[in-house]
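Trainee: Quick mapping for you: the protein sequence lines, in order, are chains P and R.
Take the first sequence: its letters are residues 5 to 326, numbered as in the working numbering.
Take the second sequence: its letters are residues 55 to 321, numbered as in the working numbering.
Backbone N, C-alpha and C define an ideal beta-carbon position, used for all residues, glycine too.
I have a structure here, written as structure tokens, and I will follow up with some questions on it.
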Amino acid sequence: MIQVEGITKTFQVAKRNKGVIEALKHLVRREYTIVKALDNVSFNIKQGEIVGYIGPNGAGKSTTIKVISGILVPDNGTCNIIGYTPWKDRKEYVKHIGVVFGQRTQLWWDVPVIDSYQLLKDIYKIPTNVYQNNLELLTETLELKELLNTPVRQLSLGQRMRCEMGAALLHDPKILFLDEPTIGLDAVSKKAVRNFIKTINQEKQVTVILTTHDMRDIEELVNRIILIGKGKILLDGTLDEVKLKFGSEKTMVITYSTQFKPFDFPIENINGNQLRFMINTNKQSLPQIIDKVSEYVQIEDIDINHLPIEDIIVKLYKEYQL
Amino acid sequence: MRSYLVLFQMRFIRGLQYRTAALAGVLTQFFWGFMYILIFEAFYASSSTPQPITFHQLVNMMWLQQAFLALIMLWFRDSEIINQITKGDIAVELLRPIKLYEFWYARLLAQRTSSALLRFLPILIVASLLPYPYNFVLPPDAFSFILFIITLVLGVLIVVALSMLIYISMFYTLSGTGSILIFGVIGEFLAGLIIPIPLMPEALKRIIYFLPFRYTTDLPFRIYVGNITHNEAIISILIQIVWIIILYIIGKLWMNKALKRLVIQGG
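Rendered as structure tokens:
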């Protein structure tokens, strides 16, 4: 469905040192540094997948989204998405995709939301019955009823984001690109947005690609992660694979009643009669660890927690030196 | 085509909402109109040789200029488009299955026409109540009036095509002020909005007749006051059409080029 092959995109950034003299020099002659925003990026995505596209700030996430949604022209590489090359067949291609940029609005600022929707209906040439059905469905799942007659500028961020989602899906897109859809939203709105993404993915088989910094988004929505850093794809796998590979460390909390001898191994935290430390099940098996600990204390209770996904991602970034 | 019409309609309706702005505009335009008329009255009074255009004709041109200011001024700007270019929201515009050039063209046209529609009648009505030679009068004959309407409409199409070039230049300059200022000042002069073209020296006239700017205002207004013959007017309509086509092609090609090297920063 989505085939991206060897996409490269460079930007020229004017470089200027500080100081007045440098500024004057800059007027006459500019030095540019070439920044490789995308470096040979390739991936394939099947229909119905929800893919989390993650990476630190400046890694190339948004650039990728802009290239595969037809806005930017890459220097190199090929791309075949539902039979189109996005930047060549932009006008035809964008009819089949929906895009939401968390930081930009595609609604018209000073008219009621429903007017924007009407205009989109005409722009996308959506047949009236399809439009009516979609509007009904979207109004219901996104709880838009009270918002539709409000001018966009009077909406809160969370309300606006729900309306943006609606706007991106009115024309029955096959693919939905979400660039940080939950940025700046409160917990309730985030939840609403996530539920909605899940619903349309299941009910309409919409393929979703989302970039995010919010690990809850990843955990709740995504079945596949693509990690990008410094313009290169570093990892492409399911969330479970990532967890298995980078989440072998767990935290163990042991509650004890009596202590036999002083501890002579590294302990992260002692809290009353609780021990907390990191274990790595790849290196030592659990029974071994428990055996060892019981030499020191009388164990009352054991609690083992997976590393939170945030920490896994931090480890991932560290591992790849991002 | 329909989507461009709908956008036109939406912008048009929105433009009509700004009644207070229109009222303020009408008052300002009266002030400017009087000022220009007084300047040219002094000029006519100090010169004894007959001028190529009568004072009363000139007065009428001034009123038309002020009444249709929104249609003809190159500095008339759409700050939303400027913001889209400089802040990168153009990304969203490109996600729509539309041709950007045509989309913006429709938008600019709607903005100008809605703005002008609110202003021109009060100005012309009040100006027609003034005493001679300051009053606004009807054109010498009905055919002049028809030619005036045709050339005015075509003139607006030229103005919008020219202003599209200003917006496209912002892809390179990333600032609205410079392009609009330079284009505005030069364009205004070449359109005869600062000194009426009939009063200009012959050599300058020849250059100006070669450029598109005078076909936006000078032509329709002089047809209205009867300073241009019907034959010349009909030939000029053809020239207007040629200019519209040329400017459209230049704009389209330039925009395609600009979009290819587009860089969208942030977010």
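#1: Shortest alpha-carbon distance to Leu-146/P belongs to which of Arg-164/P, Arg-157/P, Lys-129/P?
#2: Are the beta-carbon atoms belonging to Thr-14/P and Asp-79/P less than 8 Å from one another?
#3: Could you tell me the boundaries of the beta strand (DSSP E) in which Thr-211/P lies?
#4: For chain R, check one thing: does any of its Cβ atoms lie closer than 8 Å to the Cβ of Gln-51/P?
#5: Please name the residue in Val-191/R, Phe-197/R, Ser-229/R, Gln-119/R whose C-alpha comes closest to that of Lys-141/R.
#6: Please confirm if Leu-163/R has its CB atom under 8 Å from at least one CB of chain P.
#7: Is the segment 246–260 of chain R close to the segment 153–170 of chain R, with three or more CB pairs under 8 Å?
#8: Ends of the alpha helix (DSSP H) at Gln-51/P?
#9: Identify which residue in Asn-284/P, Val-226/P, Val-297/P has its Cα closest to the Cα of Ile-54/P.
#10: Does DSSP put Glu-304/P in a helix, a strand or coil?
#11: 8 Å is my cut-off, CB to CB: does Gly-321/R come that close to chain P?
#12: I need the straight-line Cα distance from Ile-130/P to His-175/P, nearest angstrom please.
#13: What in chain R is Cβ-close to Val-103/P, meaning under 9 Å?
#14: Given a cut-off of 8 Å on the beta-carbon distance, is the pair Leu-247/R and Thr-271/R in contact?
#15: Just checking my contact of Leu-128/R with Val-213/R at CB under 8 Å: how many whole Å lie between their CB atoms?
#16: Start and end of the alpha helix (DSSP H) containing Phe-105/P?
#17: Scan the segment 241–285 of chain P and note each continuous beta strand (DSSP E) run of 3 residues or more that stays entirely inside, going in chain order.
#18: Can you check the segment 138–165 of chain R for any alpha helix (DSSP H) of at least 4 residues that lies completely inside it and give the ranges in chain order?
#19: Alpha carbon to alpha carbon, how far is Val-113/R from Ile-293/R?
#20: Do you know how far the Cα of Asn-138/P is from the Cα of Gly-320/R?
#21: State the DSSP-derived secondary structure class of Lys-202/P, mapped to helix, strand or coil.
#22: Flag Leu-152/P as yes if its beta-carbon sits less than 8 Å from any beta-carbon of chain R, otherwise no.
#23: Using 8 Å as the Cβ pair cut-off and three pairs as the minimum, do the segment 70–87 of chain P and the segment 252–260 of chain P touch?
#24: Closest Cβ-Cβ distance between Ser-57/R and chain P: below 8 Å?
#25: Whose Cβ in chain C lies nearer than 8 Å to the Cβ of Lys-92/P?
#26: Do Val-104/P and Leu-161/P have their beta-carbon atoms positioned less than 8 Å apart in this structure?
#27: Using a C-beta cutoff of 8 Å, does Asp-176/P count as contacting chain R?
#28: Taking the straight line between their C-alpha atoms, what separation do you get for Val-39/P and Gln-71/R?
#29: Give the residues from the segment 64–89 of chain P that approach chain R closer than 9 Å (Cβ to any Cβ), ordered along the chain.
#30: Under a three-way DSSP split, which group does Leu-311/P fall into?
#31: With burial defined as no fewer than 16 other Cβ atoms inside 10 Å of the residue's Cβ, what is the status of Lys-265/P: buried or exposed?
#32: By the 10 Å Cβ neighbour count, where 16 or more other Cβ atoms means buried, how is Phe-85/R classified, buried or exposed?
#33: What are the start and end residues of the beta strand (DSSP E) that includes Gln-16/P?
#34: Closest Cβ-Cβ distance between Leu-320/P and chain R: below 8 Å?
#35: Three or more C-beta pairs under 8 Å: does that hold for the segment 196–215 of chain P against the segment 42–62 of chain P?
Mentor: To lay it out plainly:
#1: Taking the first residue of the first sequence as position 1, residue 146/P is located at position 142. It is Arg-164/P whose Cα lies nearest to the Cα of Leu-146/P.
#2: As a first step, residue 14/P must be located in the first sequence, where it is residue number 10. As a first step, residue 79/P must be located in the first sequence, where it is residue number 75. Yes, Cβ-Cβ distance for Thr-14/P and Asp-79/P is below 8 Å.
#3: Translated into positions along the first sequence, residue 211/P becomes position 207. Start and end: 211–215.
#4: Locating residue 51/P in the first sequence gives position 47, counting from the first residue. No - not a single Cβ of chain R is within 8 Å of the one on Gln-51/P.
#5: Looking up residue 141/R in the second sequence gives position 87. Cα-wise, what sits closest to Lys-141/R is Ser-229/R.
#6: Here residue 163/R refers to the residue found at position 109 of the second sequence. Closer than 8 Å: no.
#7: no
#8: The residue given as residue 51/P occupies position 47 in the first sequence. Here Gln-51/P belongs to no alpha helix (DSSP H), and DSSP marks it neither H nor E.
#9: For this step, residue 54/P is matched to residue 50 along the first sequence. If we check each option's Cα against that of Ile-54/P, Val-226/P comes out closest.
#10: What you label residue 304/P is simply residue 300 of the first sequence in a count that begins at 1. In this structure, Glu-304/P counts as strand in the three-state DSSP scheme.
#11: Against the second sequence, residue 321/R aligns to sequence position 267. Only weak support exists for where Gly-321/R lies, its pLDDT of 43 falling under 50; the value from the coordinates is given anyway. Chain P, which has a Cβ nearer than 8 Å to the Cβ of Gly-321/R, makes this yes.
#12: Here residue 130/P corresponds to residue number 126 of the first sequence, with the count starting at 1. Here residue 175/P corresponds to residue number 171 of the first sequence, with the count starting at 1. So the alpha carbons of these two residues sit roughly 6 Å apart.
#13: Position 99 of the first sequence, counted from the start, is the residue given in the question as residue 103/P. Those within 9 Å of Val-103/P in chain R are Ala-145, Val-146, Leu-149.
#14: Working through the second sequence from its first residue, we reach residue 247/R at position 193. Working through the second sequence from its first residue, we reach residue 271/R at position 217. Yes, these two residues count as a Cβ contact at 8 Å.
#15: On the second sequence, residue 128/R is found 74 positions in, with the first residue counted as 1. On the second sequence, residue 213/R is found 159 positions in, with the first residue counted as 1. About 7 Å; that satisfies the 8 Å criterion.
#16: Residue mapping note: residue 105/P aligns to position 101 of the first sequence, counting from 1. Premise fails: Phe-105/P lies in the beta strand (DSSP E), 101–105, not in any alpha helix (DSSP H).
#17: 253–263, 273–275, 278–284
#18: 144–147
#19: Against the second sequence, residue 113/R aligns to sequence position 59. Against the second sequence, residue 293/R aligns to sequence position 239. For Val-113/R and Ile-293/R, the distance between alpha carbons rounds to 26 Å.
#20: Counting from 1 along the second sequence, the entry for residue 320/R is found at position 266. Counting from 1 along the first sequence, the entry for residue 138/P is found at position 134. Summary for Gly-320/R: the model assigns pLDDT 49, below 50, so the residue's position carries little reliability, and this model does not support an answer.
#21: Translated into the one-based positions of the first sequence, residue 202/P becomes position 198. Of the three classes helix, strand and coil, the one that applies to Lys-202/P here is helix, per DSSP.
#22: Within the first sequence, numbered from 1, the residue matching residue 152/P stands at position 148. By this cut-off, Leu-152/P is not an interface position.
#23: no
#24: Mapped onto the second sequence, residue 57/R falls at position 3. So yes, Ser-57/R belongs to the interface.
#25: No chain C is part of this structure, whose protein chains are labelled P and R.
#26: By one-based count along the first sequence, residue 161/P stands at place 157. By one-based count along the first sequence, residue 104/P stands at place 100. Not in contact: Leu-161/P and Val-104/P (Cβ atoms no closer than 8 Å).
#27: Residue numbering aside, residue 176/P sits at position 172 when the first sequence is read from its first letter. No, Asp-176/P does not count as interfacial toward chain R.
#28: As a working mapping, residue 39/P is identified with position 35 in the first sequence. As a working mapping, residue 71/R is identified with position 17 in the second sequence. If you take the alpha carbons of Val-39/P and Gln-71/R, they lie about 47 Å apart.
#29: Ser-66, Thr-67, Lys-70, Ser-73, Gly-74, Ile-75, Leu-76, Val-77
#30: Within the first sequence, the letter at position 307 stands for residue 311/P. Looking at Leu-311/P - three-state DSSP - the assignment turns out to be coil, as it is neither helix nor strand.
#31: By 1-based counting over the first sequence, the position of residue 265/P is 261. Under this definition Lys-265/P is an exposed residue.
#32: As a first step, residue 85/R is located in the second sequence; it is residue number 31 there, counting from the start. Under this definition Phe-85/R is an exposed residue.
#33: Position 12 of the first sequence holds residue 16/P. Start and end: 6–19.
#34: Position 316 of the first sequence, counting from 1, holds the residue named residue 320/P. By this cut-off, Leu-320/P is not an interface position.
#35: yes
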